[in-house]
Amino acid sequence: MSFVKIFASLLLLASPFVLANPVSLNPSPPLSPEQIQQPYPEVSITRLHSAKELIAAFDTHDYRLKVVKQSNMLPSYFVENLPSDLNELPVSQKTSAFIRLLLPTIKAVNRDILQIRDELQTLSAKPKSQWSEAERLWLQSLADTYAVKSGAIAELLLHIDVIPAGMVLAQGIDESGWGTSYFAITGNNLYGEHLPHNGGKFLTTPGGHVKVAAFDNLYQSTASYMHNLNTTLAYKELRQLRQQLRLQKKLTGDELVQSLLHYSTRGQAYVDNLRALIKRHHLDDFDSAKLTESDSIRYRFARRAKG
């Protein structure tokens, strides 16, 4: 195994925020979100048994979408997995509950991506002759993770960027049926991801003809989906459009979904439906909301057997 790969492996074993022996970069080099093994705050877990209990908990803490829009502040209330009974709620409650339970996770994954972008931009401002060995190895590990052969920071920044919350919510809604599909409930797969070529946990369709990726929690599912968009050749146009929209200060879900023609066999009809969801439920309104850093809560529903 090469020294670069050994270093990358050591990164995977480190804390998501602090390396055991930090060198040069400040703060220590952040991991790509899909590599973080324990992404949640170290707080006690509140165990719930139904969607109604989750709604009651949100309401008790005054976590309401109207409040988020007015304040642009989003509480760090992380729901690790889905309740099995969202479909039993009235439509208005189901839609509000799904958006509220997923939004902090989306913001957390995007926050972790932005930490990497910030480090890359800081590194790019330094002459290469002043880069430490740790910085060079971290840069190479990112290039490997994001399939950027050149290893150039400018190319990495094209790949390592956020996905607007409105677009993530819309795809999660469409692909999981508002969090009610079998694969979403049983495998935390909200975005219709198939099993990647390098393997991993999976569920199968009836008859076992298709393997669908399964995840331990909603953070890992969301991080994997974003990594797919940020690395796969099929979404090269998405990354180029995102860069353009960022420069124009127009990076929104409504704008970026036009690049998802290849995400579904439904093509343009899929894109049109995502745009309709974004507009109908005002999903782009949450892009500017900031995740709070205090008073975190973790919610977890009883585990369900994975088929």
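Residue numbers -20 to -1, 1 to 287, in mature numbering (1 follows the signal peptide of the UniProt record, and there is no 0), belong to the letters of the sequence shown in order.
Idealized CB from N, CA, C, for every residue including glycine.
Remember, predicted model here, so these are calculated numbers, not experimental data.
Does the beta-carbon of residue 213 have 16 or more other beta-carbons within 10 angstroms, so that it is buried, or is it exposed?
exposed
For residue 8, which of 74, 95 and 88 has the nearest alpha-carbon?
95
Among 25, 24 and 55, which has the Cα closest to the Cα of residue 39?
55
Could you pull the start and end residues of the beta strand (DSSP E) that residue 193 belongs to?
191 to 193
Do we get a CB-CB distance below 8 Å when we pair residue 250 with the residues of chain D?
Looking at the structure shown, chain D is missing, and only one protein chain is on hand.
Go to residue 28, then tell me how far its beta strand (DSSP E) extends in each direction, as first and last residue.
25 to 28
Could you name the residues of the same chain whose beta carbon sits closer than 6 Å to that of residue 268, not counting the 5 residues immediately before and after it, in chain order?
52
Which residues share a DSSP beta bridge with residue 280?
27
Does the distance from the CB of residue 302 to the CB of residue 277 come in under 8 Å?
This structure gives no information on residue 302, because the portion of the chain shown stretches from -20 to 287.
Run through DSSP, which three-state label would residue 207 get?
helix
Under DSSP, the alpha helix (DSSP H) around residue 71 begins and ends at which residues?
71 to 104
Whose CA, out of 162, 69, 46 and 100, lies closest to the CA of residue 10?
100
Rounding to the nearest angstrom, what Cα-Cα distance links residue 242 and residue 215 in this structure?
8 Å
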